[in-house]
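**Student:**
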Amino acid sequence: EAQVTQNPRYLITVTGKKLTVTCSQNMNHEYMSWYRQDPGLGLRQIYYSMNVEVTDKGDVPEGYKVSRKEKRNFPLILESPSPNQTSLYFCASRVRDLDTGELFFGEGSRLTVL
Amino acid sequence: AQSVTQLDSHVSVSEGTPVLLRCNYSSSYSPSLFWYVQHPNKGLQLLLKYTSAATLVKGINGFEAEFKKSETSFHLTKPSAHMSDAAEYFCVVSERGYQKVTFGTGTKLQVIP
Numbered sequence: 019e020a021q022v023t024q025n026p027r028y029l030i031t032v033t034g035k036k037l038t039v040t041c042s043q044n045m046n047h048e049y050m051s052w053y054r055q056d057p058g059l060g061l062r063q064i065y066y067s068m069n070v071e072v073t074d075k076g077d078v079p080e081g082y083k084v085s086r087k088e089k090r091n092f093p094l095i096l097e098s099p100s101p102n103q104t105s106l107y108f109c110a111s112r113v114r115d116l117d118t119g120e121l122f123f124g125e126g127s128r129l130t131v132l
Numbered sequence: 002a003q004s005v006t007q008l009d010s011h012v013s014v015s016e017g018t019p020v021l022l023r024c025n026y027s028s029s030y031s032p033s034l035f036w037y038v039q040h041p042n043k044g045l046q047l048l049l050k051y052t053s054a055a056t057l058v059k060g061i062n063g064f065e066a067e068f069k070k071s072e073t074s075f076h077l078t079k080p081s082a083h084m085s086d087a088a089e090y091f092c093v094v095s096e097r098g099y100q101k102v103t104f105g106t107g108t109k110l111q112v113i114p
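Protein sequence lines correspond, in order, to chains P and E.
Just so we're aligned, residue 19 is where the first sequence starts under the working numbering, counting upward by one.
Just so we're aligned, residue 2 is where the second sequence starts under the working numbering, counting upward by one.
(1) Please report the distance separating the alpha-carbon of A82/E from that of V20/E.
(2) For the segment 38-56 of chain E, list every residue whose C-beta sits within 9 Å of some C-beta in chain P, in sequence order.
(3) M50/P bridges to which residues according to DSSP?
(4) Show which residues of chain P have a CB atom less than 8 Å away from the CB atom of T106/E.
(5) At a Cβ threshold of 8 Å, is Q63/P touching chain E?
(6) Are E120/P and R112/P close, meaning C-beta to C-beta below 8 Å?
(7) Under the assumption that L57/E contacts L22/E (Cβ atoms under 8 Å), give the Cβ distance between them as a whole number of angstroms.
(8) In three-state DSSP terms, what is N44/P?
(9) Quick one: what's got a C-beta closer than 6 Å to S95/E's C-beta in the same chain, skipping five residues either side?
(10) Can you find at least 3 beta carbon pairs, one from the segment 26-41 of chain P and one from the segment 94-102 of chain P, that sit closer than 8 Å?
(11) Opposite L22/E in the DSSP bridges: which residues?
(12) Are T23/P and G124/P touching if we call contact CB-CB under 8 Å?
(13) Looking at the structure shown, is N91/P part of a helix, part of a strand, or coil, going by DSSP?
(14) CA-CA distance, T33/P and F108/P?
(15) Helix, strand or coil for N102/P? Go by DSSP, reduced to three states.
(16) Just reading off the beta strand (DSSP E) that H11/E is part of, what are its end residues?
(17) Within 8 Å of any Cβ in chain E, is that where the Cβ of F123/P sits?
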């Protein structure tokens with residue numbers, strides 16, 4: 019089954035404790051991206067990656083890091099989480115060509131930073 | 002630069018009546034436009050997309066949208082609402098060849114029995 023898998027789905031952590039949210043897709047998609055969803059703000063893009071070792075900032079990259087060492091994986095790293103990073107996070111992937119490819123989303127990861 | 006505005010944060014309709022969810026966009030170049038739906042505690046699912054072919058786009062579950070360049074709009078419609086349509090809907094824009102994707106703030110659709 020074609021899918022985007024995120025882990026963990028739910029996480030409560032404390033300020034400053036490094037964490038990683040993993041994202042994996044089994045569709046051989048070149049493009050992967052991370053979003054955060056906050057009430058009234060919709061989804062805002064954090065980072066995206068066009069292919070292995072190619073990443074770029076979205077609209078809200080501050081406080082986040084990403085890496086793309088393998089085509090299927092695109093982890094989101096919070097080096098020193100703060101309460102304003104409490105949010106619902108989505109990973110998505112698609113084929114490279116935007117005109118032909120829809121975004122496939124994971125189920126989301128709800129993060130709470132105390 | 003690109004942006005998208007969803008004109009209503011909440012829309013309430015009775016079951017069996019038409020649905021209209023409004024979206025206006027801004028784009029310097031030819032845009033690709035999408036509508037996504039998010040059911041409670043779920044990820045997002047593509048409803049339909051416009052990528053410069055026919056201006057009237059048909060999607061899943063009876064939804065359709067019309068691209069109107071002169072009005073910079075891409076409104077989502079459905080002739081008859083069903084209870085299962087209750088969800089949050091997002092309008093999305095991306096400029097052709099530009100990989101950044103911009104989401105609207107969402108419209109929550111309530112369907113009253």
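By construction, the Cβ of each residue, glycine as well, lies at the ideal position given by its N, Cα and C atoms.
**Tutor:** Concretely, from the data shown:
(1) 6 Å
(2) Q39, N42, K43, G44, L45, Q46, L47, K50, T52, S53
(3) S67/P, S111/P
(4) G58, L59, G60
(5) yes
(6) yes
(7) L57/E to L22/E, Cβ: 16 Å. No contact.
(8) coil
(9) S33, V102
(10) yes
(11) L77/E
(12) yes
(13) strand
(14) 21 Å
(15) helix
(16) 11-15
(17) yes
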